[in-house]
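**Q** For reference, the structure I am asking about is given below.
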Amino acid sequence: QMCIRDRYMGGSLSNAERGGGAYGLATEETKTLTELRSNLVGDRSNRYREERDLTGNEQDALKRWEEKDKQIDAMLGDLNDHISLWKEKALEIGENIDKTTKGMTLLTKEVDKTNTQLVSSNRKLKDLIKKFRAPSKLCLDIILVLFLLGLIGVIYNLSLIHI
Numbered sequence: 001q002m003c004i005r006d007r008y009m010g011g012s013l014s015n016a017e018r019g020g021g022a023y024g025l026a027t028e029e030t031k032t033l034t035e036l037r038s039n040l041v042g043d044r045s046n047r048y049r050e051e052r053d054l055t056g057n058e059q060d061a062l063k064r065w066e067e068k069d070k071q072i073d074a075m076l077g078d079l080n081d082h083i084s085l086w087k088e089k090a091l092e093i094g095e096n097i098d099k100t101t102k103g104m105t106l107l108t109k110e111v112d113k114t115n116t117q118l119v120s121s122n123r124k125l126k127d128l129i130k131k132f133r134a135p136s137k138l139c140l141d142i143i144l145v146l147f148l149l150g151l152i153g154v155i156y157n158l159s160l161i162h163i
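Mapped onto this note's numbering, the consecutive letters of the sequence shown carry residue numbers 1 to 163.
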C-alpha cells in the first residue's frame, strides 16, 4: 500500500516510517485530508521553491482544492450525524421488537391456558349431558343452552381483553 506522499513524491517509505502498526494502520491521530494535502503541498512547494514560486493559476487551484476538501469534510460530518441517528432508531426498533416478543409470549401462554380450561369444561359438560339427558327434561336443556351461551360470552370477552 502506498501512502499519499509515496504517490505524489515518488518516495518509498516503509510501513514503520509511515506510522503504521502491524496491520498498516496509523498509530497517531487520524488526520483530515486537508492536513495531509497541506503536508504534501508543503513538501512539494519546499522542493520546488528554489526553482520557482507557484503561479496565480496554481494558487487558485490549491484554494479550490482546499474549498472542495472543506465541503467534503462537511458532507462527511453530516453523513456521520445521519448514520448516528439511524443507529439510535435501529436500537429503538430492536427494543420495541423485544418488548413485543415478550408480550406475544405471555399472550400465547394465556391462550394455551384458556384453551385447556375450555377443553376441560367441554368434556365435563359432555359427561353431564350424557348422565342427565332424557327426553322429558326440557328445563335441563334450557339451562344448558343458557350456560353454553354464557360460556361463549366469557370466551369472547377474554379474547377482546387480550387483543
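Even glycine gets a Cβ: it sits at the ideal position worked out from N, Cα and C.
For clarity, every value in this text was computed on a predicted model and none was experimentally measured.
From residue 56 to residue 84, what distance separates their C-alpha atoms?
**A** 42 Å
**Q** List the endpoints of the continuous alpha helix (DSSP H) containing residue 118.
**A** 56–132
**Q** Considering only C-alpha positions, which residue in the set 74, 70, 107, 141 is nearest to residue 126?
**A** 141
**Q** Mind reading off the beta-carbon distance from residue 95 to residue 162? Whole number of angstroms is fine, and I expect it under 8 Å.
**A** The Cβ separation is near 23 Å, so there is no contact.
**Q** Mind checking whether residue 160 and residue 121 have CB atoms under 8 Å apart?
**A** no
**Q** Pop quiz: residue 144 and residue 129 are said to be a contact at Cβ under 8 Å. What is the actual Cβ separation, rounded to whole angstroms?
**A** 7 Å
**Q** Mind checking which residues open and close the alpha helix (DSSP H) that includes residue 53?
**A** Element bounds for residue 53: n/a, residue is neither H nor E.
**Q** Would you kindly work out how many angstroms separate the C-alpha atoms of residue 64 and residue 74, rounded to a whole number?
**A** 15 Å
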